[in-house]
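Under my numbering, think of the first position of the sequence shown as 1121, with each following residue one higher. Where is the CB? At the ideal position from N, CA and C, for every residue including glycine. Have a look at the structure below, then the notes.
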Amino acid sequence: VSLLTGEQPTPQWVIPRMHAAVNQALDEAGVPLARVAGIGIASPGPLDNRTGVIYSPPNLPEWESIPLRNLFANHFHVPTWVENDANAAAWGEYLFGAGRGCQNMVYLTVSTGIGGGMIIDGKIVEGTSGTAGELGHMTIDWRGKPCRCGNVGCLEFLSSGTAIARQAHEAIRAGQGNDLLTFAHTMHPHREPMKISRQEDGDQRDEHALSVEEQLPINAHTVALAAEAGIPVARTIITQAAQALGAGLVNIIHVFNPERIVLGGGVTQMGSLLVEPALQIVQERSMKRPREAVRVLLAELEPNAGLVGAGALMYRSNPP
Ligand SMILES: [Zn+2]
């Protein structure tokens, strides 16, 4: 059962729909509630997985101090677990995906943002206040530009899908994106071509340049396709994002000495274009012993790792 949150995703609107979705899923599977051992919920954070309370995720601003776990446990009268979505996805990959059979695994998801989760000695690392695993907000460029989190030069600011799209728009505004625009237009022939990217006299910012996104959707996927097609500016953008990712992987390898690093998220779907330059950095810069111990693998449960992990949260204390 899959439902959209709708335009007004308030708790009052969403939670009854979630309850109804659980009932619908049970009906469709022909499973009575009495046979359900537990409910697992993967949610955007910040949240406290011990109490199951959610604290105002950026995309769900009205969800301030919502006791999500109790709203399910008390409604269905079955044990309920709540975990942040990146940790749940890490847990899913660890038990049933690319992390099967190992003890120390780091999961990194690269999509619009970058998140992560660490499993050390078979346990999800939570940290003192439950916020461990913000791997997207490790500093890569310590003199870099501000990230939305308050830090500067974060991995997310350099390697996420949002970062790749932002760098494409910056290149276009700097007058270096004509090939990319032409390519994007062949993907969206029904759109008006960009009339401008820069005025001829160059000294005045063109008012249209601010609405590139509206005129022609250039996202990370477009840039990846353009890079595959050999467009130099797109290749440069993807390679730089990949190298920043590689620097992040080196940090992860040095800090955690993991057996596996599992890469998930839509941006990693571009495959070798992103992964090879990243692994090149790992090869050149990481210490020999932890490098020889680690395998970097693509996730296996995409896009359902979070769902699988949520369903398996009841195994947290006793993995199957
Ligand atoms: Zn950040």
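#### Entry: ASN1207 Cβ short of 7 angstroms to ligand 1 heavy atom set
Taking the sequence shown and counting its residues from 1, the one referred to as residue 1207 is at position 87. No, since every heavy atom of ligand 1 falls outside the 7 angstroms radius drawn around the Cβ of ASN1207.
### Message
Helix, strand or coil for MET1225? Go by DSSP, reduced to three states.
### Response
Counting from 1 along the sequence shown, the entry for residue 1225 is found at position 105. MET1225: strand per DSSP, three-state reduction.
### Message
Could you tell me the alpha carbon to alpha carbon distance between ALA1354 and GLY1236, rounded to whole angstroms?
### Response
In the sequence shown, residue 1354 corresponds to position 234, counting from 1. In the sequence shown, residue 1236 corresponds to position 116, counting from 1. So the alpha carbons of these two residues sit roughly 26 angstroms apart.
### Message
Measuring straight from C-alpha to C-alpha, what distance separates LEU1399 and ASP1147?
### Response
Here residue 1399 refers to the residue found at position 279 when the sequence shown is read from its first residue. Here residue 1147 refers to the residue found at position 27 when the sequence shown is read from its first residue. Taking the straight line joining both Cα atoms gives about 46 angstroms.
### Message
So, at 7 angstroms on beta carbons, what are the nonlocal neighbours of GLN1287 in its own chain, with the 5 sequence-adjacent residues on each side left out?
### Response
In the sequence shown, the residue the question calls residue 1287 occupies position 167. ILE1357, listed in sequence order.
### Task
List the whole-angstrom C-beta distance separating LEU1383 from LEU1418, where the pair is believed to meet the contact cut-off of C-beta under 8 angstroms.
Looking up residue 1383 in the sequence shown gives position 263. Looking up residue 1418 in the sequence shown gives position 298. About 6 angstroms; that satisfies the 8 angstroms criterion.
### Query
Closest by CA to GLN1360, which one among GLY1386, VAL1202 and PHE1277?
As a position in the sequence shown, residue 1360 is number 240, starting the count at 1. For the residues GLY1386, VAL1202 and PHE1277, the minimum Cα distance to GLN1360 belongs to PHE1277.
### Message
Can you tell me whether ASN1371 sits near ligand 1, meaning its C-beta is under 7 angstroms from at least one heavy atom of the ligand?
### Response
For the purposes of this step, residue 1371 is taken as residue 251 along the sequence shown, with counting starting at 1. Not under cutoff, so the answer is no.
### Task
Using the Cα positions of PRO1440 and GLY1250, report the straight-line distance between them to the nearest angstrom.
As a first step, residue 1440 must be located in the sequence shown, where it is residue number 320. As a first step, residue 1250 must be located in the sequence shown, where it is residue number 130. Per the coordinates, the alpha-carbon of PRO1440 lies some 24 angstroms from the alpha-carbon of GLY1250.
### Query
Between the stretch 1199-1217 and the stretch 1338-1353, are three or more C-beta pairs nearer than 8 angstroms?
The count of Cβ pairs closer than 8 angstroms, one atom from the stretch 1199-1217 and one from the stretch 1338-1353, stays below three, leaving the stretches out of contact.
### Local conformation of THR1359 per DSSP, three classes
Numbered from its first residue, the sequence shown carries residue 1359 at position 239. Here THR1359 carries a helix assignment [DSSP, helix/strand/coil].
### Query
Does the distance from the CB of VAL1414 to the CB of PRO1378 come in under 8 angstroms?
Taking the first residue of the sequence shown as position 1, residue 1414 is located at position 294. Taking the first residue of the sequence shown as position 1, residue 1378 is located at position 258. Yes; because the gap between Cβ atoms is below 8 angstroms, this pair is in contact.
### Query
Say the cut is 7 angstroms; is the CB of PHE1376 nearer than that to a heavy atom of ligand 1?
On the sequence shown, residue 1376 is found 256 positions in, with the first residue counted as 1. No, ligand 1 has no heavy atom inside 7 angstroms of this Cβ.
### Task
Pick out the complete beta strand (DSSP E) segments inside the stretch 1370-1437, 3 residues or longer, and give them in chain order.
Counting only unbroken stretches of 3 or more residues, the beta strand (DSSP E) elements lying wholly within the stretch 1370-1437 are 1380-1384 and 1415-1418, in sequence order.
### Task
Would you please state the rounded distance, in angstroms, between the beta carbons of ILE1159 and ILE1174? I believe it to be under 8 angstroms.
Counted from its first residue, the sequence shown places residue 1159 at position 39. Counted from its first residue, the sequence shown places residue 1174 at position 54. In fact, because the Cβ distance is near 15 angstroms, the residues do not count as touching under 8 angstroms.
### Query
Around ligand 1, which residues pass a check of Cβ closer than 5 angstroms to any of its heavy atoms?
Result (chain order): HIS1257, CYS1267, CYS1269, ASN1271 and CYS1274.
### Simplified DSSP state of GLU1203, which is helix, strand or coil
Reading the sequence shown from its first residue, position 83 is the one you call residue 1203. Note: GLU1203 maps to strand in three-state DSSP.
### Message
Looking only at its chain, what residues have a beta carbon closer than 7 angstroms to the beta carbon of ASN1190, apart from the 5 residues adjacent to it on each side?
### Response
Your numbering for residue 1190 matches position 70 in the sequence shown. Counting only residues of its own chain and dropping the five nearest sequence neighbours on each side, ASN1190 has a CB closer than 7 angstroms to the CB of GLY1172.
### Message
Using C-beta distances below 7 angstroms, list every residue in its chain close to CYS1222, excluding the 5 sequence neighbours before and after it, in chain order.
### Response
Position 102 of the sequence shown, counted from the start, is the residue given in the question as residue 1222. Cβ within range, chain order: GLU1379 and ARG1380.
### Message
According to DSSP, PRO1187 sits in a beta bridge with which residue or residues?
### Response
Numbered from its first residue, the sequence shown carries residue 1187 at position 67. BP columns for PRO1187 point to VAL1173.
### Query
Taking the alpha carbon of GLY1431 as the point to measure from, which residue in PRO1131, ALA1157, GLU1412 and ASN1371 has its own alpha carbon closest?
In the sequence shown, the residue the question calls residue 1431 occupies position 311. A check of alpha carbon separations from GLY1431 across PRO1131, ALA1157, GLU1412 and ASN1371 identifies ALA1157 as the nearest.
### Query
Whose C-alpha, out of CYS1267, VAL1245 and ARG1436, is nearest the C-alpha of THR1282?
Mapped onto the sequence shown, residue 1282 falls at position 162. With distances taken between Cα atoms, THR1282 lies closest to CYS1267.
### Close Cβ partners of VAL1142 (< 6 angstroms) along its chain, the five nearest in sequence each way excluded
Looking up residue 1142 in the sequence shown gives position 22. Cβ neighbours of VAL1142 within its own chain (closer than 6 angstroms, five residues either side excluded): none.
### Query
Whose C-alpha, out of ALA1364, VAL1375, VAL1198 and ASN1438, is nearest the C-alpha of ASP1261?
On the sequence shown, position 141 is the one that residue 1261 refers to. Closest in alpha carbon position to ASP1261, among ALA1364, VAL1375, VAL1198 and ASN1438, is ALA1364.
### Query
How is ALA1145 classed by DSSP in three states: helix, strand or coil?
As a first step, residue 1145 is located in the sequence shown; it is residue number 25 there, counting from the start. Looking at ALA1145 - three-state DSSP - the assignment turns out to be helix.
### Query
How is the beta strand (DSSP E) around MET1238 delimited, first residue to last?
Within the sequence shown, residue 1238 is the residue found at index 118, counting from 1. From DSSP, the beta strand (DSSP E) with MET1238 extends over 1234-1240.
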